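Novice: I am attaching a structure below and will ask some questions about it afterwards.
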Amino acid sequence: MVATASYKIPISVLVVIHTPDLQVLLLERAGRPEFWQSVTGSQDAGESLPQTAQREVMEETSIDASAYGLLDWDQHNEFEIFKHWRSRYAPGITHNTEHVFSLQIPRPVPVTLALDEHTQYLWMGWREAADKVFSWTNAAAIRELPARIATRQA
């Protein structure tokens, strides 16, 4: 019997984890020093996008998103997949659709990293975090946080 390749689905989530005073959690990618990002991950077959977001937050940080209330921004970004990550997708797949979420927690907390994915984490103010992340979609989402928080509190 020949094993079939298991490819990632080119649909993903981006989850910006933050505190009420807009401290943002960033994770450094394993194997990619200085590639800082928020929680990201591909959808698994049969999952809803909120389920994907909750699973990815738990896997990458050990934070239980269901305890805080995940916010679906009803926003998505399409981008070209970096060439060095395309082998994870079926042949011919070059673009991914990313759905944006945020998760507000009361204060910065220690996290348990998935060491095969990330090597370290830090909490920092939203402006600095937006400048530090490598992805333009991640930076845009972090820069949008203050307006999202204001709308939510209104």
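Just so you know, this note's numbering puts 47 at position 63 of the sequence shown, and the rest follows in order with no gaps. Just so it is clear, CB atoms sit at the ideal spot from N, CA and C, and this is done for glycine as well. Please read all numbers here as calculations on a predicted model, not as lab measurements.
1. Can you tell me the Cα-Cα spacing of arginine 70 and alanine 49, whole angstroms?
2. Does the count of Cβ pairs from the segment 104 to 116 and the segment 76 to 83 closer than 8 Å reach three?
3. Between alanine 29 and the rest of its own chain, which residues show a CB-CB distance below 8 Å, the 5 nearest in sequence each way excluded?
4. Under 8 Å, with one C-beta from each stretch per pair, do the segment 90 to 101 and the segment 39 to 49 reach the 3-pair mark?
5. With distances taken between CB atoms, is the gap from glutamine 88 to proline 4 smaller than 8 Å?
6. Rank Thr121, His2, Pro17, Arg39 by C-alpha distance to the C-alpha of glycine 25 and give the top, closest one.
7. Taking the straight line between their C-alpha atoms, what separation do you get for glycine 53 and isoleucine 1?
8. Out of His60, Tyr(-9), Pro17, state which residue places its alpha-carbon closest to the alpha-carbon of alanine 125.
9. Ends of the beta strand (DSSP E) at glutamate 62?
10. I'd like the list of long-range same chain contacts for valine 84, defined as Cβ closer than 6 Å, with 5 residues on each side in sequence excluded.
11. Return the Cβ separation of proline 130 and leucine 6 in integer angstroms, given the expectation that the two are a contact with Cβ distance under 8 Å.
Specialist: Answer, in terms of the structure:
1. 29 Å
2. no
3. Ile(-7)
4. yes
5. yes
6. Arg39
7. 11 Å
8. His60
9. 54 to 64
10. Leu(-2), Trp57, Gln59, Ala125
11. 6 Å
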